[in-house]
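Residue numbers (the numbering used here): 42 to 246.
Worksheet for the structure shown next.
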Amino acid sequence: MFVQVIEGRVRHTEPVYVELDVWIKELSRSAQGWLGSTAGVTDDMRFIALSRWDSAESARQHSARPEQDHWWRAFRELFVDAPAFRETSDIFVDTPGDPDQARFVQVMRGAATDPGRARDLMGAHRGQLATFRPEVLGTLACAHGDGTLTVAAYFTTEDAAREGERKQPPPELKADMDELNSLAIGPLEFFDLREPWLHSPAWSS
């Protein structure tokens, strides 16, 4: 899998979702290798999107299409400044449920002293975590070459997510969560997507 992360501040929320729907209606069927996208706008007008592809080649071939360029030019006008791009094929996917049924998505971005170890820890207790936090429908973690991580967590609802945050994990799981937290460099940045835009012809690792 290959993931493109797009981020920037937008002027208004509604036009963003309108243009994303235009992409689905007019471009998605011919987007060879597209596996799905997660996007949304936070309460303070920060936009973030994670677009999944089967390969970097598929993503770049689509970007080179004239119709994609035409759509992107219109979409880019919705941003206050030019949006930032990050790309990676260093991906961790866990889907105990159907992420496209999520009603709340939280995207976290941060840096780690050992991104590889952080990635391993996130996948260490899949079955146990699914039992402990049943409201988590999926996790998509992207490790970037500069040591930063982008992690999207898909929840049934925001209320269920907040309730789950207050639960005390089992000792073994807590130990790995504490180690994961110890790898963080500085504070995490959170993107709370209360109206997530989710479209996925396929979830695949």
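Glycine is no exception: its CB is placed at the ideal position from the N, C-alpha and C atoms.
Computed from a predicted model, the values in this text were never measured in an experiment.
Query	Result
What is the residue span of the alpha helix (DSSP H) that F173 lies within?	R167 to F173
Please check the pair M86 and F133, which I expect to be a contact at CB under 8 Å, by giving their CB distance rounded to whole angstroms.	Incorrect: roughly 29 Å between the Cβ atoms, too far for contact.
By Cβ distance, which residues of its chain are closer than 6 Å to F120, with the 5 residues on each side in sequence left out?	G49 and V51
Along the chain, where does the beta strand (DSSP E) that runs through M149 open and close?	F145 to A153
Grab me the residues of Q142's own chain with a C-beta within less than 7 Å of its C-beta, minus the 5 sequence neighbours each way, in chain order.	L178
With a threshold of 16 other CB atoms inside 10 Å of the CB of E176, please say whether the residue is buried or exposed.	buried
Go ahead and pull the three-state DSSP assignment for A123.	coil
According to DSSP, is G93 part of a helix, a strand, or is it coil?	The question names Gly, but residue 93 in the sequence shown is Arg. Strand at R93.
Grouping DSSP H, G and I as helix and E and B as strand, with all else coil, what is Q45?	strand
Pull up the CB-CB distance for H30 and R127, whole angstroms please, since I reckon it's below 8 Å.	With the chain represented from 42 up to 246, any question about residue 30 goes unanswered, as that position is not in the structure.
Roughly how far, in whole angstroms, is the beta-carbon of G81 from the beta-carbon of E236, given that I think they are within contact range, below 8 Å?	6 Å
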